[in-house]
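Chemist:
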Amino acid sequence: MKRSRMAYPYIFVWMPLFIVAPLLFVLYYAFFRDGQFTTDFVVQVFSDTTYLPALLNSIWIALATTVVCLLVGYPVAYILSNMKSRSAALLSMLFIMPMWMNMLLRTIAWKILLDDSGIIVRLLEWLGMENPRLIYTPGAVLVATIYDFLPFMILPIYTVLQKLDRSLIEAAHDLGANSRQTFLRVVLPQSVPGIVSGITMVFVPSMSTFAVSTMLGGKNVMLFGQVIEQKFLIGNQWGVGSTLSLVLIVLVLISMFIMRRVERDTGSEGGTIW
Amino acid sequence: MKKFVSVLMAVLMAMLLVPMFSSCASGETLNILNWGDYLEPSLKERFKEETGITIKEKVVTSNEEMLIQLEADDCPYDLCFPSDYAVERLIKGGKLAEINHDNLSNLVNIDDRYMGLDYDPENKYSIPYTYGVLGVLYNKTMVDEADLGSWDILWNEKYSGEIFMYDSIRDSMAVALLYLGYDINTTNPDELNAAADALIAMKPLVKAWLTDDIKDSMILGSGALAVVYSGDAVWCCDPDEGNPDLDFFVPESGSNIYFDTMVIPVNTKKQDMAEQFINFLLEPEVATINTEFIGYSSPNAAVWPLLDEYYTENHMFNIPDAIIEKCVVFRDLGESIDLYNNAWDRVFE
Chain A
3 MKRSRMAYPY
13 IFVWMPLFIV
23 APLLFVLYYA
33 FFRDGQFTTD
43 FVVQVFSDTT
53 YLPALLNSIW
63 IALATTVVCL
73 LVGYPVAYIL
83 SNMKSRSAAL
93 LSMLFIMPMW
103 MNMLLRTIAW
113 KILLDDSGII
123 VRLLEWLGME
133 NPRLIYTPGA
143 VLVATIYDFL
153 PFMILPIYTV
163 LQKLDRSLIE
173 AAHDLGANSR
183 QTFLRVVLPQ
193 SVPGIVSGIT
203 MVFVPSMSTF
213 AVSTMLGGKN
223 VMLFGQVIEQ
233 KFLIGNQWGV
243 GSTLSLVLIV
253 LVLISMFIMR
263 RVERDTGSEG
273 GTIW
Chain B
-3 MKKFVSVLMA
7 VLMAMLLVPM
17 FSSCASGETL
27 NILNWGDYLE
37 PSLKERFKEE
47 TGITIKEKVV
57 TSNEEMLIQL
67 EADDCPYDLC
77 FPSDYAVERL
87 IKGGKLAEIN
97 HDNLSNLVNI
107 DDRYMGLDYD
117 PENKYSIPYT
127 YGVLGVLYNK
137 TMVDEADLGS
147 WDILWNEKYS
157 GEIFMYDSIR
167 DSMAVALLYL
177 GYDINTTNPD
187 ELNAAADALI
197 AMKPLVKAWL
207 TDDIKDSMIL
217 GSGALAVVYS
227 GDAVWCCDPD
237 EGNPDLDFFV
247 PESGSNIYFD
257 TMVIPVNTKK
267 QDMAEQFINF
277 LLEPEVATIN
287 TEFIGYSSPN
297 AAVWPLLDEY
307 YTENHMFNIP
317 DAIIEKCVVF
327 RDLGESIDLY
337 NNAWDRVFE
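Going down the list, the protein sequences come from chains A and B. Sequential numbering of the first sequence, starting at 3, is according to this note's numbering. Sequential numbering of the second sequence, starting at -3, is according to this note's numbering.
1) If contact means a Cβ-Cβ distance below 7 Å, which residues of the region 210 to 239 of chain A contact chain B?
2) Is the distance from the Cβ of Lys203 (chain B) to the Cβ of Cys232 (chain B) below 8 Å?
3) Between which two residues does the beta strand (DSSP E) harbouring Phe97 (chain A) extend?
4) Would the region 271 to 282 of chain B and the region 294 to 303 of chain B be scored as touching if the rule is three or more Cβ pairs under 8 Å?
5) DSSP has Ala222 (chain B) in a bridge; who is on the other side?
6) Could you name the residues of the region 117 to 134 of chain A whose beta carbon sits closer than 9 Å to any beta carbon of chain B, in the order they occur along the chain?
7) So, at 7 Å on beta carbons, what are the nonlocal neighbours of Ile148 (chain A) in its own chain, with the 5 sequence-adjacent residues on each side left out?
8) Does Ser79 (chain B) come within less than 8 Å of chain A when only Cβ atoms are used?
9) Within the continuous beta strand (DSSP E) that includes Trp31 (chain B), where are the two ends?
10) Less than 6 Å between C-beta atoms, sequence neighbours within five positions excluded: which residues of the same chain meet that for Met8 (chain A)?
11) What residues are listed by DSSP as bridge partners for Pro77 (chain A)?
12) Buried or exposed for Ser19 (chain B), please, with buried defined as at least 16 other CB atoms from any protein chain shown within 10 angstroms of its CB.
13) Name the residue from B:Thr50, B:Pro295 and B:Leu188 whose alpha carbon lies nearest to the alpha carbon of Leu103 (chain B).
14) For the region 189 to 214 of chain B, list every residue whose C-beta sits within 7 Å of some C-beta in chain A, in sequence order.
15) Given this structure, state the Cα-to-Cα distance separating Leu150 (chain B) from Ile51 (chain B), to the nearest angstrom.
16) To the nearest angstrom, how far is it from the Cα of Ala21 (chain B) to the Cα of Leu39 (chain B)?
17) So with Cβ pairs under 8 Å, would you call Thr52 (chain A) a contact of chain B?
18) Tell me where the alpha helix (DSSP H) around Trp128 (chain A) begins and ends.
19) Between Ser18 (chain B) and chain A, is the shortest Cβ-Cβ distance under 8 Å, so that the two count as touching?
20) Find the nearest neighbour of Ala91 (chain A) within the set A:Ile61, A:Thr161 and A:Gly37, judged by alpha-carbon distance.
21) So, do the region 192 to 206 of chain A and the region 109 to 125 of chain A have three or more beta carbon pairs nearer to each other than 8 Å?
22) Pick helix, strand or coil for Asn252 (chain B), following the three-state DSSP scheme.
23) Would you list the one or two residues that DSSP bridges to Trp205 (chain B)?
24) Of all the options B:Leu86, B:Glu46 and B:Ile165, which has the alpha carbon lying nearest to the alpha carbon of Trp205 (chain B)?
25) Would you list the residues sitting across from Lys54 (chain B) in a DSSP beta bridge?
26) Hey, how far is the Cα of Thr137 (chain B) from the Cα of Met101 (chain A)?
27) List the DSSP bridge partners of Val259 (chain B).
28) Would you call the CB atoms of Tyr121 (chain B) and Glu94 (chain B) closer than 8 Å?
29) Whole angstroms are fine: how far does the CA of Phe244 (chain B) sit from the CA of Ile28 (chain B)?
30) Please determine if the region 76 to 85 of chain B and the region 322 to 333 of chain B are in contact, where contact requires at least 3 C-beta pairs separated by less than 8 Å.
31) Going by C-alpha to C-alpha distance, which of B:Asn275, B:Leu130, B:Pro200 and B:Ala142 sits closest to Ala170 (chain B)?
32) Let me check understanding here. Comparing Cα to Cα, which of A:Glu132, A:Tyr31 and A:Asp36 lies closest to Ser247 (chain A)?
33) DSSP on Arg35 (chain A), reduced to helix/strand/coil?
34) Below 8 Å between beta carbons: does that hold for Val343 (chain B) and Ile180 (chain B)?
35) Output yes if chain B places a C-beta closer than 8 Å to the C-beta of Tyr149 (chain A); else output no.
36) Which residues in chain A have a C-beta closer than 7 Å to the C-beta of Asp341 (chain B)? List them in chain order.
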């Protein structure tokens, strides 16, 4: 029996209906008004700089989130992969556990924690800070985004490191490499596929995030996703909203292309999901 | 055989999805699209006992969302509660059914002052449900009494970082237009530009632009000033559920008065049932229970003798006539709404 047939409902029903068709709708709304082809929306989006600050904010938040997640996530994954399998399983479960909860609930929890009457502000005041402001700042958005996406960085790196051939490390030691050299020349290059997956899984969704910044940014931080949401739900400007969505899609495609290049140039083989 | 199995799997998987999208059809159901906390829950039970009709409620948070639903060709709702300017737009678009006043024996209860307003001059398509005015909620412990009474307070640097603004285009633009002394329905580009500039000047003083969260934040004492509607102010100032330090004023120069209404989408097949429910909601006793729960003022004159003193004595619920006379209803602006959208984009670029 060809098991691939099991995927037919997904490939021939789900994907065309819920992935391809919506993309076509986005294209249609971006280039047609009342059935007539138009470039008005594209001209409108690119002729002024109104939407540029929100786009730059989004790129900045996504980059910062990715860098912090990588800096924190890699060591975590590395430590996990060197632990006994039972304690590693327990710890990795603890990392995944927040994902069992709905993202909105986690964001609401952050809202309560970071609020002016929340525990963190009170602690800072007790430590002598005057009028600490956490909620409705870019920092609040960044902290919650990092918290949301950290597991997506740890898991792929952990998976790759776990499968690493231990004998290679032993061989490196036998050949006289110290632990720093072993890490930089043996472990790190082999974990590139995990890093690339992690970066993609963190960078791409955090680029388009908007719920976190709506709840924790109070419009003091406008992200590109919020602008798009507003165009559809409030402004009733589907043409402009679709064009902005296309801009985002193109940017994501470019970043994925760059990541693939990086992966190929480092000479690593398969193992990523992209 | 194997092929049969995989086809069977596909069919089964598809069938699993079906129940998620259909509702159980026992008895008659009326689908209503409403605001959150905008219908006293026990009234649904009571209506079901009286008529056998089940009320199924879906909730939205803005008129704009409601319009998207109501303007779709396959609108699945039988009764909705949009505000004045949204009603006007829906009437222009031919999206509303004419309500048969003969089926509304309780319509006489509505105060004449709130019938026949500009957005629906003969109330052919809409029956007023609640009303309220836009104003400023303030924390008595943080605000000087001398600063009260005018929209200027929102531009007062003394309260920098303590102001919550309403994250809604029409409402926030109205605040800026009123501050500058312009009409809240203006389509004059210069006036709208000036209003956008005023909001940009206000922005550094604003702690956050929120919607429903404003109420909780003000109750917790996280801000000194907030733009809210009178109905929400009633709830925020409630000594039990709210914060007794809070109070509310409507600037003397005038403000916006809004009406939320009951309308019937043109494509419904259950107009009779929808009218039955409207008539039920207009009954004096039902309307009293409902308005005390919602906290928004009721255009139903028959509720006043039945209302608890707490509401009749409350200046946010029983809004003085002198204030109402200075308030203006939002009008539908048609295509000109893009001027507002562009001004709003400029504020948040």
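Beta carbons are placed, not taken as given, at the ideal position from N, Cα and C, and that holds for glycine.
Modeler: Quick look at the numbers:
1) Gly220, Lys221, Asn222, Met224, Leu235, Ile236, Gly237, Asn238 and Gln239
2) Counted from its first residue, the second sequence places residue 203 (chain B) at position 207. Counted from its first residue, the second sequence places residue 232 (chain B) at position 236. No, they are not a contact pair.
3) One-based indexing of the first sequence puts residue 97 (chain A) at position 95. It is not in any beta strand (DSSP E) - Phe97 (chain A) instead sits in the alpha helix (DSSP H) that spans Ser87 to Ile98.
4) yes
5) On the second sequence, position 226 is the one that residue 222 (chain B) refers to. In the DSSP output, where bridge partners are listed per residue, Ala222 (chain B) has B:Leu133 and B:Phe160.
6) Considering only beta carbons, the part of the region 117 to 134 of chain A lying closer than 9 Å to chain B consists of Asp117, Asp118, Ser119 and Asn133, in chain order.
7) On the first sequence, residue 148 (chain A) is found 146 positions in, with the first residue counted as 1. If we look at Ile148 (chain A) and ignore the five residues flanking it on each side, its Cβ neighbours are Thr67, Val70 and Cys71.
8) What you label residue 79 (chain B) is simply residue 83 of the second sequence in a count that begins at 1. Chain A, which has no Cβ nearer than 8 Å to the Cβ of Ser79 (chain B), makes this no.
9) On the second sequence, position 35 is the one that residue 31 (chain B) refers to. Element bounds for Trp31 (chain B): Glu24 to Trp31.
10) Along the first sequence, one-based indexing puts residue 8 (chain A) at 6. Within the same chain, Met8 (chain A) has no close Cβ partners at all.
11) Within the first sequence, the letter at position 75 stands for residue 77 (chain A). Answer is none; Pro77 (chain A) lacks a bridge partner.
12) For the purposes of this step, residue 19 (chain B) is taken as residue 23 along the second sequence, with counting starting at 1. With a pLDDT of only 47 at Ser19 (chain B), under the threshold of 50, the placement of this residue in the model should not be trusted; the figure read from the coordinates follows. Exposed is the call here.
13) One-based indexing of the second sequence puts residue 103 (chain B) at position 107. Of the candidates B:Thr50, B:Pro295 and B:Leu188, the one whose C-alpha sits nearest the C-alpha of Leu103 (chain B) is B:Pro295.
14) For the region 189 to 214 of chain B, the beta-carbon criterion of a distance under 7 Å to any beta-carbon of chain A is satisfied by Lys203, Ala204, Trp205 and Leu206.
15) Counted from its first residue, the second sequence places residue 150 (chain B) at position 154. Counted from its first residue, the second sequence places residue 51 (chain B) at position 55. Cα to Cα, the separation comes out at about 42 Å.
16) Here residue 21 (chain B) refers to the residue found at position 25 of the second sequence. Here residue 39 (chain B) refers to the residue found at position 43 of the second sequence. Per-residue confidence for Ala21 (chain B) stands at a pLDDT of 46, beneath the threshold of 50, marking its modelled position as unreliable; the derived number appears in the next sentence. So the alpha carbons of these two residues sit roughly 21 Å apart.
17) On the first sequence, residue 52 (chain A) is found 50 positions in, with the first residue counted as 1. At a cut-off of 8 Å between beta-carbon atoms, Thr52 (chain A) makes contact with chain B.
18) Locating residue 128 (chain A) in the first sequence gives position 126, where the first residue counts as 1. Ile121 to Trp128 is the span of the alpha helix (DSSP H), which, as asked, contains Trp128 (chain A).
19) In the second sequence, residue 18 (chain B) corresponds to position 22, counting from 1. With a pLDDT of only 47 at Ser18 (chain B), under 50, the local geometry of the prediction cannot be trusted, and no value is derived from it.
20) Residue mapping note: residue 91 (chain A) aligns to position 89 of the first sequence, counting from 1. Closest option to Ala91 (chain A), Cα to Cα, is A:Thr161.
21) no
22) Within the second sequence, residue 252 (chain B) is the residue found at index 256, counting from 1. Asn252 (chain B): strand per DSSP, three-state reduction.
23) Residue 205 (chain B) sits at position 209 when you count from the first residue of the second sequence. B:Met161, per the DSSP bridge assignment.
24) Here residue 205 (chain B) is taken as the residue at index 209 of the second sequence, counted from 1. Per the Cα distances, B:Ile165.
25) Residue 54 (chain B) sits at position 58 when you count from the first residue of the second sequence. Lys54 (chain B) is bridged to B:Leu29.
26) Position 141 of the second sequence, counted from the start, is the residue given in the question as residue 137 (chain B). Position 99 of the first sequence, counted from the start, is the residue given in the question as residue 101 (chain A). Between Thr137 (chain B) and Met101 (chain A), the C-alpha separation is close to 42 Å.
27) Counted from its first residue, the second sequence places residue 259 (chain B) at position 263. Val259 (chain B) is bridged to B:Cys76 and B:Ser122.
28) For this step, residue 121 (chain B) is matched to residue 125 along the second sequence. For this step, residue 94 (chain B) is matched to residue 98 along the second sequence. Cβ atoms of Tyr121 (chain B) and Glu94 (chain B): closer than 8 Å.
29) For the purposes of this step, residue 28 (chain B) is identified with residue 32 of the second sequence, where counting begins at 1. For the purposes of this step, residue 244 (chain B) is identified with residue 248 of the second sequence, where counting begins at 1. Their Cα atoms are separated by approximately 32 Å.
30) Touching, yes, given that three or more Cβ pairs across the two stretches are closer than 8 Å.
31) For the purposes of this step, residue 170 (chain B) is taken as residue 174 along the second sequence, with counting starting at 1. Nearest C-alpha to Ala170 (chain B): B:Leu130.
32) Taking the first sequence and counting its residues from 1, one reaches residue 247 (chain A) at position 245. Of the candidates A:Glu132, A:Tyr31 and A:Asp36, the one whose C-alpha sits nearest the C-alpha of Ser247 (chain A) is A:Tyr31.
33) For the purposes of this step, residue 35 (chain A) is identified with residue 33 of the first sequence, where counting begins at 1. In the structure shown, Arg35 (chain A) sits in a strand (DSSP, three-state: E or B).
34) Taking the second sequence and counting its residues from 1, one reaches residue 343 (chain B) at position 347. Taking the second sequence and counting its residues from 1, one reaches residue 180 (chain B) at position 184. For Val343 (chain B) and Ile180 (chain B), no; Cβs fall outside 8 Å.
35) The residue you call residue 149 (chain A) lines up with position 147 of the first sequence. No, no contact with chain B.
36) For this step, residue 341 (chain B) is matched to residue 345 along the second sequence. Result: Thr52.
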